[in-house]
Amino acid sequence: MANKAESKKWDIKEARKLFQEYLEKGINEEKKETKLPENTVKIDDLNRKQTLDRIYKLTDSIIDMIYKNGRPSIKLPSRTSANIIWDEENDLLLLGQQIMEKQFHSLGSVADITRLMKVLEKVNELLLKDMHATKREIFYSAVQLFGDQKNSDKCIEDVATMLYTTRNSTHIVASAKGSCIGRLRIRDRNDIIDLEGLGSGGWTISPMLDNVEILESDAEFILVLEKDAAMIRLAEARFWRKYPCIILTAKGAADIATRMFLRRISKELRLPVFTLVDSDPYGHYIHSVYLRGSKRLSYESPFLATPDIKLLGVLTRDLDKYKIPNDCRIPMNQTDIKRTKEMLNEDFVKKNKAWETDLKLALNLKVKAEIQALSTFGFEFLTDQYIPEKLSTGDWI
């Protein structure tokens, strides 16, 4: 780990005080189970045997229906936006209890059913062999049947909800995308990895996190970056040596592996988490996905979301506060305006007045800016002034 003496150059005590209430709640203690509303679907994170048992129970019920009336069907939770519920108490987007039914004998659903059963077959094979496969591999296992990867991806999510489990429990993973660097040591199967000594690229976050063990860390906070460019800047500056932290990025949209790893390290290490994203509606959306989950994967929110993340920047108000030049500001297009209005209509934004105010300011100014706009003041401005100043003054949402 980094020299402890270097850590004393910066004092995060004031920032940590603001998180004391959060830490004392024990939200991140494994022994405390989050109690979800009764009107939501209960999803379980299962081991191989448990998932296989659910597959066999499902197939037995289908066979039983065939014998009884020759008209089998599959019932699964509806994943439409109308069935998404915001759990205000836990600040999570969850799946409601509306159920949809797929009939085997219906001409309209025969293609869906066939694809669904093919994915179920592949999940069964993976679990029996104790192997993992990427979503792309599932698509290529039956290209003609799926036609487009969108169809196989949809079936993968349907199979997970049909079994009332997480996608991770099905052994189907997304390709590695995110990376992590900083004051953390892990064991990935038999390899011990010190994330401080991996150069500017960092450790590629494994989608098979069941093989990863958290060993130790002397970090005092976690910083999540929207962009790889920001990661490179902080990595070159060895930012974590002066400001003891762990840094992650999904290089854009928040993928499952990065979200799962973030939740895990914040849970095990009990550290405050900050996000640094572009000052635009997409950046705000990425922050919200890390914080409370996405609508598409709402059934997995309890296993992917990280409660109480703070939006460090780039805030709309920062554009004037730090005197970002007009030529570094980008006019919003109609899509940006539409997305900002959609964010403002979300209940979880309305509940957070500081967040709502910042989005309203963006809508009023109709401008956005990238993290890289801060480099107009020099390449070191982000690491030497902007982030340290924001953290030391508690200037976040």
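Going by the working numbering, the sequence shown opens with residue 1143, and the numbers climb by one from there. Glycine included, C-beta positions come from ideal geometry on N, C-alpha and C.
#1: Within the same chain, show all residues whose beta-carbon is closer than 7 Å to that of Ile1347, passing over the 5 residues directly before and after it, in chain order.
#2: CB-CB under 8 Å to Leu1258, same chain, minus the five flanking residues each way: which ones, in chain order?
#3: What do you get for Gly1435, buried or exposed, if any count of 16 or more other CB atoms within 10 angstroms of its CB means buried?
#4: Taking Cβ positions, are Ala1515 and Cys1470 nearer each other than 8 Å?
#5: Between the alpha carbons of Ala1392 and His1274, how many angstroms are there, rounded?
#6: Taking C-beta to C-beta, are Thr1417 and Leu1453 nearer than 8 Å?
#7: Compute the distance between the beta-carbons of Glu1358 and Arg1406, then report whether it is under 8 Å.
#8: Which stretch, first to last residue, makes up the beta strand (DSSP E) that contains Ile1216?
#9: Considering only residues of the same chain and omitting the five flanking positions on each side of Phe1523, which have a CB-CB separation below 6 Å?
#10: Using the C-alpha atoms, what's the distance from Phe1521 back to Leu1540?
#11: Give me whichever residues DSSP pairs with Met1242 in a beta bridge.
#12: Using C-beta distances below 6 Å, list every residue in its chain close to Phe1381, excluding the 5 sequence neighbours before and after it, in chain order.
#13: If I'm right that Asp1397 touches Ala1511 with Cβ under 8 Å, what's the distance once you round it to whole angstroms?
#14: Please list, in chain order, all residues of the same chain as Leu1262 whose beta carbon is under 7 Å from its beta carbon, the five residues on each side excluded.
#15: Where does the unbroken beta strand (DSSP E) through Arg1309 begin, and where does it stop?
#16: Whole angstroms are fine: how far does the CA of Asp1422 sit from the CA of Arg1325?
#17: Can the beta-carbon of Lys1264 be found less than 8 Å from the beta-carbon of Ser1251?
#18: Of the choices Met1485, Gly1536, Val1183, Asn1487, whose alpha-carbon is the least far from that of Asn1225?
#19: Which same chain residues end up closer than 7 Å to Leu1234 when comparing Cβ atoms and leaving out the 5 residues on each side of it in sequence?
#20: Just curious, the beta strand (DSSP E) that Arg1327 is in, first and last residue?
#21: Just reading off the beta strand (DSSP E) that Glu1358 is part of, what are its end residues?
#22: With distances taken Cα to Cα, identify the nearest neighbour of Asn1468 among Thr1518, Leu1413, Ser1311.
#23: According to DSSP, Gly1324 sits in a beta bridge with which residue or residues?
#24: Once you ignore the five residues that flank Tyr1528 on each side, which residues in its own chain have a CB closer than 6 Å to its CB?
#25: Going by DSSP in three states, Phe1521 sits in which element: helix, strand or coil?
#26: If you drop the 5 nearest sequence neighbours on each side, which residues of the same chain put their C-beta closer than 6 Å to that of Leu1411?
#27: Between which two residues does the beta strand (DSSP E) holding Lys1452 run?
#28: Alpha carbon to alpha carbon, how far is Met1373 from Ile1513?
#29: Distance check for Tyr1306 and Ile1185, CA to CA, integer angstroms please.
#30: Does DSSP put Lys1409 in a helix, a strand or coil?
#31: For Val1415, which residues does DSSP report across the bridge?
#32: Which same chain residues end up closer than 8 Å to Lys1437 when comparing Cβ atoms and leaving out the 5 residues on each side of it in sequence?
#33: With respect to the alpha helix (DSSP H) encompassing Trp1497, which residues constitute its N-terminal and C-terminal limits?
#34: So, is Lys1508 buried or exposed, given that buried needs 16 or more other C-beta atoms within 10 angstroms?
Well, looking at it:
#1: Ala1318, Gly1320, Ser1321, Cys1322, Ala1399, Thr1400, Phe1403
#2: Ile1216, Lys1244, Cys1297, Asp1300, Val1301, Met1304
#3: buried
#4: yes
#5: 21 Å
#6: yes
#7: no
#8: 1215-1219
#9: Leu1516
#10: Coverage of the chain is limited to positions 1143 through 1539, which leaves residue 1540 absent and any answer about it impossible.
#11: Leu1218
#12: Thr1525
#13: Actually they do not touch by this definition, with Cβ atoms about 24 Å apart.
#14: Ile1197, Val1301
#15: Looking at the DSSP string, Arg1309 is not in any beta strand (DSSP E), and its letter there is neither H nor E.
#16: 30 Å
#17: no
#18: Val1183
#19: Arg1434, Gly1435, Ser1443, Pro1444, Ala1447
#20: 1327-1330
#21: 1354-1358
#22: Thr1518
#23: Ile1388
#24: Leu1516
#25: coil
#26: Ser1359
#27: 1452-1455
#28: 11 Å
#29: 5 Å
#30: helix
#31: Ile1364
#32: Ser1223, Ile1226, Leu1235
#33: 1495-1507
#34: exposed
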